[in-house]
Amino acid sequence: MKRAVTLKENYEFRRMYRKGAQAVSGTMVVYCRPNHLGHNRLGITVSVKLGKAVVRNRARRRLREVYRLNSPALKQGWDIVLVGRGRTVSAPWKDLNETFLRLCKKLSLLEEAV
Numbered sequence: 001m002k003r004a005v006t007l008k009e010n011y012e013f014r015r016m017y018r019k020g021a022q023a024v025s026g027t028m029v030v031y032c033r034p035n036h037l038g039h040n041r042l043g044i045t046v047s048v049k050l051g052k053a054v055v056r057n058r059a060r061r062r063l064r065e066v067y068r069l070n071s072p073a074l075k076q077g078w079d080i081v082l083v084g085r086g087r088t089v090s091a092p093w094k095d096l097n098e099t100f101l102r103l104c105k106k107l108s109l110l111e112e113a114v
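What follows is the structure, encoded as structure tokens:
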């Protein structure tokens, strides 16, 4: 991903946790907040509790790919943070994808079908 479309700074993540809307499932947590930039920015976090670096990086890759595949269906102008949870690594791909779409729908992040 390009640097311009990612959240990197600690204060940006803290602001999302404090002021953003959230939706929770067993495989991930999605935080969102409008950014007024005209494009989406993504942040991904995975706790050290999840496992060693190999496991955490796999969880990050899976979350990044779920976002990438579904990004055309999302509204633009939002900051989105995905937080990996215990089942992110072991969940079947189909369940991970469906969970992401369900949480985005709950937060009204999906474009309306015409």
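Residues in the sequence shown are numbered consecutively from 1, following the working numbering. Beta carbons: idealized from backbone N, C-alpha and C, even for Gly.
In whole angstroms, what is the alpha-carbon distance linking ARG87 and PHE13?
-> Rounded to whole angstroms, the gap between the alpha carbons of ARG87 and PHE13 is 22 Å.
With a 10 Å radius around its C-beta and 16 neighbouring C-beta atoms as the bar for buried, classify ARG62 as buried or exposed.
-> ARG62 should be labelled buried.
Start and end of the alpha helix (DSSP H) containing VAL55?
-> 53–70 is the extent of the alpha helix (DSSP H) around VAL55.
THR99, enclosing alpha helix (DSSP H) - first and last residue | It spans 93–106 - the alpha helix (DSSP H) in which THR99 sits, taken as one unbroken run.
For VAL48, the nearest candidate out of ARG41, ARG60 and LEU42 (CA to CA) = Out of ARG41, ARG60 and LEU42, ARG60 has the C-alpha closest to the C-alpha of VAL48.
Run of the beta strand (DSSP E) containing ARG85, from where it starts to where it stops | That residue, ARG85, is in no beta strand (DSSP E); it is neither H nor E in DSSP.
Those residues which DSSP pairs with MET28 across a bridge = According to DSSP, MET28 bridges with GLY84.
Which one of ALA21, SER25, ASN57 and GLU9 has the shortest CA to CA distance from ASN97?
-> The candidate whose alpha carbon is nearest that of ASN97 is SER25.
Three-state secondary structure assigned by DSSP to LEU110 = Here LEU110 sits in strand by DSSP.
Cβ-based burial, LEU109 [other Cβ within 10 Å; buried from 16] | By the neighbour-count rule (16 or more Cβ atoms within 10 Å), LEU109 is buried.
Could you give the DSSP three-state label for ASN74: helix, strand or coil?
-> In the sequence under discussion, the amino acid at residue 74 is Leu, which differs from the Asn named in the question. Correct three-state label for LEU74: strand.
Hey, quick one: how far does the beta strand (DSSP E) through GLY43 stretch, first residue to last?
-> Counted as a single uninterrupted DSSP element, the beta strand (DSSP E) harbouring GLY43 occupies residues 41–46.
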